[in-house]
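Student:
Number of protein chains: 2
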Amino acid sequence: MTQVYARVALIGLGLIASSMAHAMRANGLAGQIVGHAKSAETRATALELGLCDHVYATAAEAVAGADLVVLAVPVGAMAAIAEEIGPHLAPGCTVTDVGSVKQAVIAAVAPYIPEGVQFIPGHPMAGTEYSGPRSGFATLFQNRWWLLTPAPEVDPAALARLQLLLTGMGAKVNLMDPPHHDQVLAVVSHTPHLIAYTMVGVADHLAQVSNSEVIEYSASGFRDFTRIAASDPTMWRDVFLTNKDAVLDILGRFAEELFVLQRAIRMGDGDHLHDYFTRTRAIRRGIIEAGQDTSAPDFGRSPASKPAGAA
Amino acid sequence: MTQVYARVALIGLGLIASSMAHAMRANGLAGQIVGHAKSAETRATALELGLCDHVYATAAEAVAGADLVVLAVPVGAMAAIAEEIGPHLAPGCTVTDVGSVKQAVIAAVAPYIPEGVQFIPGHPMAGTEYSGPRSGFATLFQNRWWLLTPAPEVDPAALARLQLLLTGMGAKVNLMDPPHHDQVLAVVSHTPHLIAYTMVGVADHLAQVSNSEVIEYSASGFRDFTRIAASDPTMWRDVFLTNKDAVLDILGRFAEELFVLQRAIRMGDGDHLHDYFTRTRAIRRGIIEAGQDTSAPDFGRSPASKPAGAA
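In order, the protein sequence lines correspond to chains Y and C. First residue of the first sequence? That's 1 in full-length UniProt numbering, and the numbers climb one at a time after it. First residue of the second sequence? That's 1 in full-length UniProt numbering, and the numbers climb one at a time after it.
What follows is the structure, encoded as structure tokens:
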């Protein structure tokens, strides 16, 4: 594949940025990859793993001369980073981000983008429960959606160039307006994460069932929730604080719907439960047909074996 | 491995019973395996796949001469089956079941167990989102818990013999009293399933986000919920109707806890959210250390590829 950008600056070097580095290298999409992370240890790891050709102690230094700048920090850290790098962005460069919320990021970043620089907000719908520079891998974006929410006045050439990079890493690209993005994400990602965190928290707080019982017997459903409830706490705190309205809307609907099912259980209304549980099967089929999950039973998980020495 | 039972009768030929058949055959644990299912098609499939040596149109015929009878039907169907088979059970035989609720199954089955027959209620903590006779496989129980909830007066020799079968199929066995079993399962399995069904239902009912968007962007968290929300509707209806009190208790706690987090979002209390999301990580680590889930990122799912011909 041919090079799309001569110099890409990754600001923040966690799961998404490190996966982008691997994917850009694997596909020859970037001439040079440079990076910045707040922590010296993370910067050293990025060099050690070959994620970056150079690392910089400040974001301002990292963006100098870059034709693509990727903001890959928690949503709550975007404003300060944007303010810092604004004056150092090269004319003609493109700035994108990978935040899970778009309206708040646009409000935080857009004011600091100078004339002659294109800001194209973005969001890869991909991730794992791991974080940090060692968690990235080149195929993370394979067959996953990467949503872009550019303003109407964006330069079409800059947009096309960014899309070339994203599809080059294996992603599928769609455009969306920022409010709709935040609403969709509240449904497919933010509320499910909050609910998973809550369920794990409930189990943690119970007196009559011990944590060791919860852990040992988790394969009957609970363990699936613990995976997403193991995601990065800072990232998720920021998501909920910045996509507040959409999340509260979906949470309200969730509580309503849960109360209706709770009442059906209390009243012994088996038909209601059976109908409800039958309709939800169709969505699972749709996800598998759309290539967005594996059809292998139990996600194709191999039976976990007991680590040596464990009781 | 040596044969544990001469003739095992599987009543119900779904995921659990068919997996037991595969596992017993793979390990030489049963002399003969016979079965009954209500549907003639299921019975024919069981013969075709070699799950059973003989199948019978009635449960009464299937249990005749068996030294182990496994009730593997939805919890709501247990009473009628027990009443039917009671007079046909061979003296000295053991009856067990694989229902996800224990108090209700005991109340439904025990009255029909004649003198000289041992009833040892059981529950394998294993499953997938698939159901039916074709969904079984020999390793389903590998390293999974199989809980038994026998009455104190159970014959120790009968109990030891059943344990031999279960460990022979790869399971780990624990004993538990029935009320505690139902409480533990309400936390680790029943409530998580109800919540997953609810979240999928919410997404299905939204007007402002289309089902096709939910499906396409599901990899950002939602798809994990759809797997368990694709489980068998009849089985789950019966679970909620028969473990009502424990599930309603946990649902009440869940709603409380969710409201506290919802309020933290509304008030912008980032510290509360961050602390909460940090504690839940520890439980995930415990589950991986206990060998109850894989540590592979994203359950080790392979990136799903688009089926041929899909848009």
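Cβ atoms here follow ideal geometry from the backbone N, Cα and C, with glycine treated the same way.
1. To the nearest angstrom, how far is it from the Cα of Thr-42/Y to the Cα of Cys-93/Y?
2. Are the CB atoms of Pro-192/Y and Phe-222/C nearer to each other than 7 Å?
3. Which residues of chain C have a Cβ atom closer than 7 Å to the Cβ of residue 343/Y, listed in chain order?
4. Kindly list the residues whose CB is nearer than 6 Å to the CB of Val-109/Y, restricted to its own chain and excluding five residues on each side of it in sequence; keep chain order.
5. Return the residues of the region 185-205 of chain C that lie within a Cβ-Cβ distance of less than 9 Å from chain Y, sorted by chain order.
6. Who are the neighbours of Trp-145/Y on chain C, taking C-beta pairs under 9 Å?
7. Report the neighbours of Arg-279/C on chain Y: residues whose CB is nearer than 8 Å to its CB, in chain order.
8. When Cβ atoms are compared, which residues of the region 125-136 of chain C fall closer than 8 Å to chain Y?
9. Which residues, in order along the region 3-15 of chain C, keep a beta-carbon less than 8 Å from a beta-carbon of chain Y?
10. Counting C-beta neighbours from all protein chains within 10 Å, is the total for Gln-103/C 16 or more, i.e. buried, or is it exposed?
11. In chain order, what residues of the same chain lie with their CB nearer than 6 Å to the CB of Asp-293/Y, ignoring the 5 residues before and after it?
12. Give me the DSSP bridge partner(s) of Gly-94/Y.
13. Determine the direct distance from the alpha carbon of Ile-33/C to that of Ile-11/C, and round the result to whole angstroms.
14. By the DSSP assignment, the alpha helix (DSSP H) with Ile-113/Y in it spans what residues?
15. Among residues of its own chain, excluding the 5 on either side of Ser-295/Y, which ones have a beta-carbon nearer than 6 Å to its beta-carbon?
16. Nearest to residue 316/Y by alpha carbon, out of Met-267/C, Ala-219/C and Asn-243/C?
17. Which first and last residues belong to the alpha helix (DSSP H) in which Gly-252/Y is found?
18. Would you mind giving the Cβ-Cβ distance between Thr-149/Y and Pro-121/Y, rounded to the nearest angstrom? I have them listed as a contact below 8 Å.
19. Consider the Cβ of Ile-85/C: report whether some Cβ of chain Y lies at a distance smaller than 7 Å.
20. Report yes or no: is there a C-beta of chain C within less than 7 Å of the C-beta of Lys-244/Y?
21. For Ala-59/Y, which of helix, strand or coil comes out of DSSP?
22. Who are the neighbours of Gly-122/Y on chain D, taking C-beta pairs under 8 Å?
23. Per DSSP, Tyr-5/Y forms a beta bridge with which residues?
24. Under the rule that 16 or more other beta-carbon atoms within 10 Å means buried, what is Glu-153/Y, buried or exposed?
25. Does chain Y have any CB closer than 7 Å to the CB of Pro-152/C?
26. Check Leu-51/C in the structure and name its three-state DSSP category.
27. Could you tell me whether any Cβ in chain Y is nearer than 7 Å to the Cβ of Phe-254/C?
28. Going residue by residue through the region 130-213 of chain Y, where are the continuous alpha helix (DSSP H) segments of at least 4 residues, counting only ones entirely within it?
29. From the DSSP output, read off the bridge partner residues of Gly-35/C.
30. Give a yes or no on whether 7 Å exceeds the smallest Cβ distance from Arg-223/Y to chain C.
31. If the criterion is Cβ atoms closer than 7 Å, does the pair Ala-230/Y and Arg-263/C meet it?
32. Nearest to Asp-238/Y by alpha carbon, out of Asp-271/C, Thr-234/C and Asp-224/C?
33. For a test of the three-state rule: what should DSSP assign to Pro-124/C, helix, strand or coil?
34. Below 8 Å on the Cβ atoms is my contact criterion, and I expect Ile-106/C with Pro-178/C to pass it. Report the Cβ-Cβ distance as a whole number of Å.
35. Within 10 Å of its beta-carbon, does Leu-175/C have 16 or more other beta-carbons around it, so buried, or fewer, so exposed?
36. Between Gly-35/Y and chain C, is there a C-beta pair that is closer than 7 Å?
Tutor: Considering the structure as presented:
1. 26 Å
2. yes
3. Outside the shown range of chain Y, which is 1 to 311, sits residue 343/Y, and nothing can be said about it.
4. Around Val-109/Y, the same chain offers Met-78 and Ala-82 as residues with beta carbons nearer than 6 Å, after the five sequence neighbours per side are excluded.
5. Answer in chain order: Leu-185, Ala-186, Val-187, Val-188, Ser-189, His-190, Thr-191, Pro-192, His-193, Leu-194, Ile-195, Ala-196, Tyr-197, Thr-198, Met-199, Val-200, Gly-201, Val-202, Ala-203, Asp-204 and His-205.
6. Correct list: Glu-216, Tyr-217, Ala-219 and Ser-220.
7. Gly-201 and Asp-204
8. Met-125, Ala-126, Gly-127, Thr-128, Glu-129, Tyr-130 and Ser-135
9. none
10. It is buried - the Cβ of Gln-103/C has at least 16 other Cβ atoms within 10 Å.
11. Ile-287
12. First, the amino acid is wrong: residue 94/Y is Thr here, not Gly. Per DSSP, the beta-bridge partners of Thr-94/Y are Leu-68/Y and Gln-118/Y.
13. 11 Å
14. It is not in any alpha helix (DSSP H) - Ile-113/Y carries neither H nor E in the DSSP assignment.
15. Counting only Cβ-Cβ distances below 6 Å, and skipping sequence neighbours, we find Ile-288.
16. Residue 316/Y is absent from the model: chain Y starts at 1 and stops at 311.
17. 244-267
18. 5 Å
19. no
20. yes
21. helix
22. You won't find chain D in this structure, because its protein chains are Y and C.
23. Ala-30/Y
24. In summary, Glu-153/Y is exposed, with fewer than 16 beta-carbon neighbours lying within 10 Å of its beta-carbon over all protein chains present.
25. no
26. coil
27. Cβ-Cβ to chain Y under 7 Å: yes for Phe-254/C.
28. 156-168, 178-185 and 191-205
29. Leu-10/C and Val-55/C
30. By this cut-off, Arg-223/Y is an interface position.
31. The answer is no: Cβ separation not under 7 Å.
32. Asp-271/C
33. strand
34. 6 Å
35. exposed
36. At a cut-off of 7 Å between beta-carbon atoms, Gly-35/Y makes no contact with chain C.
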